[in-house]
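Reviewing the structure listed below.
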Amino acid sequence: MIVLTEKEVWNILKPSFRKLIEINKKALASLHDENIAFVPPRISIPSISTSVGDCTLFKPALYTQKQQQGMHSALGVKVVSVRDGNSRMGKPIVPATIMMLDNVTGETKAVIAATYLTAARTAAGSAVATEVLCLHRLAKGIDVCNDNYPALELVCFGAGLQAQMHILALSKCRWSSDSDETLDFKKITIVNRSKERAEKLRDQIKNDIKTVRKGRLRDISVVLSSDKPNVENTLRSADIIVTATNSFNPLFSGDWLKEGAHIIGVGSYTNSMQEVDVESLRRSFVAYDTAGALDVGDLKNLANAKAKGTRACLLAELLNDNTSFTEEINNSSSSLDATFFKSVGTAIQDVATADFVIDEATESGLGVFIDM
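Following my numbering, the numbering of the sequence shown begins with 32 at its first residue and continues without gaps.
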């Protein structure tokens, strides 16, 4: 059995975001086929803490895929907790651990610290949705023969690990399957309650971007979420908006969205939590990672929005050639002028990503091997 620490896992993940995007694309697409992805309902245990929404989740999955050597199965369970008060102690708000099993013998093959892994796989899934949902619209009118793609503006609500991972993953999005050209952000804005925490993330991103991608990032700025006029001004020119907070109220007005804007919602995970308002929903083509996302506050008004023209489907449908939906998204005459991806996470991403981490660790000699 191999045991991997957070530091070792991050050393594997940090230079591998493009690989993570491809791994999670296959994993998310597999949710269309129960013969490939078996994901039982998660088990939730509430916490005795005073923070609303704190809980511990047990999320198992079996992921089977064909490889050169034959069929390969990744079997595992993730234990992930939400502890809002951890930030005050300098600890991650969403600590996680994954136990991977040998599908033949049932023996434990790995125990992996999975806080970074969880955030990275979530961001990789968001990058998959971004490539499918919005980049074709943003690239319209561009001379793609010369890879003359536009530099974009990115806004992140929240200054935690999810925000950091999303900036890194989105910088590895490809404009098309025919091009190696990745997204170039001329401006990144971090919107957060705490200026200190946002500035810390800003400094970290400046270092990460140098490591992860080539190109020039022109501007990283910080806006306090309480400064509504500045938030509105920032949103009106944003191409991609990431919401990674634990908010119970919408973070911005859908009236502020520019035409073609793409929203990525990853912070809310209960019926009472909501980061995105009804107007944003009404204007958007919507994709979600699992049916569980339909129970979250952001999508609680989806039925009413759909009655007024909003289109929605499982991301796996788009990844498995739902051509009619794709054609509608790319139709410039549509009344829907934005896109929205809602993610609550799925264990199939956890085991697929953990499987990759184990292979990389074994090859690199990372981790501690224990004979159980």
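Backbone N, C-alpha and C define an ideal beta-carbon position, used for all residues, glycine too.
Computed from a predicted model, the values in this text were never measured in an experiment.
Option in P126, Q380, S210 and A154 with minimal Cα separation from A60: Q380
At what residues does the alpha helix (DSSP H) containing Y147 begin and finish? T146 to L164
Rounding to the nearest angstrom, what Cα-Cα distance links V307 and A144 in this structure? 31 Å
Below 8 Å on the Cβ atoms is my contact criterion, and I expect E358 with R342 to pass it. Report the Cβ-Cβ distance as a whole number of Å. The Cβ separation is near 11 Å, so there is no contact.
Kindly say whether A392, judged by its beta-carbon, lies nearer than 7 Å to any beta-carbon of chain B. Absent from the structure: chain B. Only one protein chain is present.
Assigned secondary structure, A190 (DSSP; H/G/I helix, E/B strand, else coil): coil
Given T276, which residues of its chain have a CB within under 7 Å of its CB, disregarding the five upstream and five downstream residues? F188, G189, L282, G298 and E306
Cβ contact (3+ pairs, closer than 8 Å) linking the segment 102 to 118 and the segment 85 to 93: yes
Taking 7 Å as the threshold (C-beta atoms), are V186 and T274 in contact? no
Out of R314, S303 and V40, point me to the one whose CA is closest to S365's CA. R314
Sequence-distant residues of its chain with Cβ nearer than 7 Å to F279 (five each side left out): S303, M304 and Q305
By DSSP's criteria, E184 is part of a beta bridge. Which residues make up the other side? K218
Give every residue of the same chain whose Cβ lies closer than 6 Å to the Cβ of G296, excluding the five residues on either side of it in the sequence, and list them in chain order. T274, E306, V307, D329 and K373
By the three-class DSSP mapping on this structure, what secondary structure does S303 have? coil
Using a Cβ-Cβ cutoff of less than 8 Å, which residues in the same chain neighbour N117 once the five nearest sequence positions on both sides are dropped? P123, I124 and P126
Please confirm whether F48 and A200 have their CB atoms less than 7 Å apart. yes
In this structure, how does DSSP classify G398 when only helix, strand and coil are distinguished? coil
Reduced DSSP secondary structure (H/G/I, E/B, other) of I251: strand
Reducing DSSP to helix, strand and coil, say where K226 ends up. helix
Could you give the DSSP three-state label for L106: helix, strand or coil? strand
Which same chain residues end up closer than 8 Å to I54 when comparing Cβ atoms and leaving out the 5 residues on each side of it in sequence? A155, A383, T384 and F387
Taking the alpha-carbon of I129 as reference, which of E263, E138, K140 and V108 has the nearest alpha-carbon? V108
Look up S346 in the DSSP assignment and say whether it is helix, strand or coil. It should be pointed out that residue 346 corresponds to Leu in this sequence rather than to Ser. It is helical.
Which partner residues does S112 have in the DSSP bridge list? T87
Does DSSP classify T274 as helix, strand or coil? strand
Are A378 and V70 touching if we call contact CB-CB under 7 Å? yes
Distance, P77 Cα to L325 Cα: 21 Å
Nonlocal neighbours in the same chain, by C-beta distance under 8 Å from D250, ignoring five residues either side: K217, K218 and I219
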